[in-house]
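> Residues in the sequence shown are numbered consecutively from 1, following the UniProt record's numbering.
Glycine included, each C-beta is placed from N, C-alpha and C at the ideal position.
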Amino acid sequence: MTTILVTGGAGYIGSHTTILLIEAGYEVILFDNFSNASKESIKRVEKIVEQNITLIDGNVCSSEDLDTVFTHHSIDAVIHFAGLKAVGESVEKPLKYYENNISGTITLCKSMAKYGCKSIIFSSSATVYGDPHTTPILEDFPLSATNPYGRSKLFVEEILRDTYMADNDWNIILLRYFNPVGAHPSGTIGEDPNDVPNNLMPFIAQTAVGKRAFLSIFGNDYNTKDGTGVRDYIHVMDLAEGHVKALNIIHSLNQVITINLGTGTGYSVLDMVKSFEKASGRTISYKIAPRRTGDIASCFADPHYAKEILNWEAKYDIDAMCEDTWRWQSNNPNGYKAL
Ligand code: UD1
């Protein structure tokens, strides 16, 4: 059986990917320090897949914790989700972000090399395209970053490219996610942000469920169809499937490749509000607020390379994204803390 180490496996994307990996017949070793995730998510994943999952409570910045993994398990490939992701916090605490996201990846790769495992899938982000000169966005567009979070993704991409250049035995896939939303169709696992959410969908969902009085829409004077920001929202189950497809090719790769994971369709903030109202049967109150610093007008993927190389394309539409988010949010208004 092929064994996959999933760092950050208790988090939003990691937990959904773990389900599809197990359903595809992989053995998963889940590694997480629970700094921004709950053990409850793993219990629920175990219920969905009807089996126990090997869980290691550890930090990717700790070579000792990683030694524990690699000495006890023969790992064939790593999917590296572990990292911090709040843009605002990254501006306030850049060293925390560079330490976790960059040093963590370096420590992980050194351990991998030490134990002879040289296949890694890395969670990158469309944030590395900065403010794209045009859309849809192709993988070879110029890269830039406007905050420490984005720079940490950009630097790790470069570090992994250098790692391959120095040792062609590595197989490296950099997956650039667009805007992950949605939840497992069971409604038992989903995104559970700490405190105030950073992203649009949790805000909409929390407004619909009554946890927030209204949604602030950050600007309605962008050069887009209705003036609000346009993004490529992608269902987390589609994103998870992209990782399974990436694993299918990784061992024959002997390269570094970079792949956009998006749907190719951009939706505005108002499109998302309307679709969520339909899915939830609730009215979402909103107010137009000033633009958020650092936001761009429009961002959506050209997903053709993913189709060509992975035979992957997004299947879930905007209605499914909103319906699944609503099922999760309405069944778990306080996320995993409800129990
Ligand atoms: C944000 C991050 C980006 C990260 C990505 C992935 C910023 C500036 N960028 O991107 O680095 O990779 O998440 O999770 O934080 N919006 C509102 N009201 C809200 C929240 C958002 O109107 O309360 C709007 C935004 O202006 C934007 C859209 O909704 O037009 C999506 O916002 P968000 O979910 O934060 O994602 P990004 O800005 O694309």
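Taking DSSP as the reference, what is the three-state secondary structure of T18?
Working through the sequence shown from its first residue, we reach residue 18 at position 18. Three-state result, T18: helix.
> Does the beta carbon of L215 fall short of 7 Å from some heavy atom of the ligand UD1?
Within the sequence shown, the letter at position 215 stands for residue 215. L215: yes, Cβ under 7 Å from the ligand UD1.
> Look up H80 in the DSSP assignment and give the residues it is bridged to.
By 1-based counting over the sequence shown, the position of residue 80 is 80. Bridge partners of H80: T7 and F122.
> Rounded to the nearest angstrom, what separates A86 and T3 at their Cα positions?
Within the sequence shown, the letter at position 86 stands for residue 86. Within the sequence shown, the letter at position 3 stands for residue 3. Their Cα atoms are separated by approximately 30 Å.
> Are the stretch 264-282 and the stretch 182-194 touching by the rule of at least three beta carbon pairs closer than 8 Å?
These segments do not touch.
> At the level of alpha carbons, what is the spacing between S152 and L95?
Locating residue 152 in the sequence shown gives position 152, where the first residue counts as 1. Locating residue 95 in the sequence shown gives position 95, where the first residue counts as 1. Those two C-alpha atoms are separated by around 10 Å.
> Within the same chain, show all residues whose beta-carbon is closer than 6 Å to that of T188, passing over the 5 residues directly before and after it, in chain order.
Residue numbering aside, residue 188 sits at position 188 when the sequence shown is read from its first letter. Only R44 meet the Cβ criterion.
> Quick one: residues in its chain with C-beta nearer than 8 Å to the C-beta of K110, no 5 flanking neighbours on either side, listed in chain order?
Here residue 110 is taken as the residue at index 110 of the sequence shown, counted from 1. Same-chain partners within the cutoff: S63.
> Bridge partners of I173, per DSSP?
Translated into the one-based positions of the sequence shown, residue 173 becomes position 173. For I173, which the question treats as bridged, DSSP gives the partners I121 and I257.
> For A10, count the other beta carbons within 10 Å of its own beta carbon; 16 or more makes it buried, fewer makes it exposed. Which is it?
Locating residue 10 in the sequence shown gives position 10, where the first residue counts as 1. Buried is the call here.
> Tell me R231's beta-bridge partners as DSSP assigns them.
In the sequence shown, the residue the question calls residue 231 occupies position 231. In DSSP, R231 forms a bridge with Y267 and C299.
> Using DSSP bridges, identify the partner residues of T54.
Taking the first residue of the sequence shown as position 1, residue 54 is located at position 54. In the DSSP output, where bridge partners are listed per residue, T54 has I29.
> Thinking just about the alpha-carbon of each residue, which of E99, Y115, M112 and D162 is nearest to the one in Y149?
Within the sequence shown, numbered from 1, the residue matching residue 149 stands at position 149. Measuring from the Cα of Y149, the nearest candidate turns out to be E99.
> Starting from S90, trace the alpha helix (DSSP H) both ways and give me its first and last residue.
Within the sequence shown, the letter at position 90 stands for residue 90. Residues V87 to E92.
> Going by C-alpha to C-alpha distance, which of D167, P303 and D324 sits closest to A314?
For this step, residue 314 is matched to residue 314 along the sequence shown. Closest by alpha carbon: P303.
> Measure the C-alpha to C-alpha separation of I48 and E89 and round it to an integer number of angstroms.
Position 48 of the sequence shown, counted from the first residue, corresponds to residue 48. Position 89 of the sequence shown, counted from the first residue, corresponds to residue 89. Cα to Cα, I48 sits roughly 33 Å from E89.
> Note the first and the last residue of the continuous beta strand (DSSP E) segment covering I217.
On the sequence shown, residue 217 is found 217 positions in, with the first residue counted as 1. Its beta strand (DSSP E) spans residues L215 to F218.
> Using only the heavy atoms of the ligand UD1, determine whether one of them is closer than 7 Å to the beta carbon of N179.
Locating residue 179 in the sequence shown gives position 179, counting from the first residue. Flag set: Cβ of N179 near the ligand UD1.
> Just checking T105 against the ligand UD1 - is the residue's beta carbon closer than 7 Å to any of the ligand's heavy atoms?
What you label residue 105 is simply residue 105 of the sequence shown in a count that begins at 1. No, the ligand UD1 has no heavy atom inside 7 Å of this Cβ.
> Going straight from the alpha carbon of V28 to that of L215, what length do you get?
The residue labelled residue 28 in the question sits at position 28 within the sequence shown. The residue labelled residue 215 in the question sits at position 215 within the sequence shown. About 38 Å.
> Shorter than 7 Å, the distance from the beta carbon of L30 to the closest heavy atom of the ligand UD1, or not?
Taking the first residue of the sequence shown as position 1, residue 30 is located at position 30. No; taking the cut-off as 7 Å, the Cβ of L30 has no heavy atom of the ligand UD1 nearer than that.
> Please confirm whether any heavy atom of the ligand UD1 lies closer than 7 Å to the CB of N331.
As a working note, residue 331 is residue 331 in the sequence shown. Not so, every heavy atom of the ligand UD1 lies at least 7 Å from the Cβ.
> In the DSSP assignment, find the unbroken alpha helix (DSSP H) run with N248 in it and report its ends.
Against the sequence shown, residue 248 aligns to sequence position 248. Where N248 is concerned, the enclosing alpha helix (DSSP H) stretches over V236 to I250.
> Note the first and the last residue of the continuous beta strand (DSSP E) segment covering I288.
Taking the first residue of the sequence shown as 1, we reach residue 288 at position 288. Its beta strand (DSSP E) spans residues Y286 to A289.
> Classify T283 as buried or exposed, calling it buried when 16 or more other Cβ atoms lie within 10 Å of its own Cβ.
For the purposes of this step, residue 283 is identified with residue 283 of the sequence shown, where counting begins at 1. Exposed, because fewer than 16 other Cβ atoms sit within 10 Å of the Cβ of T283.
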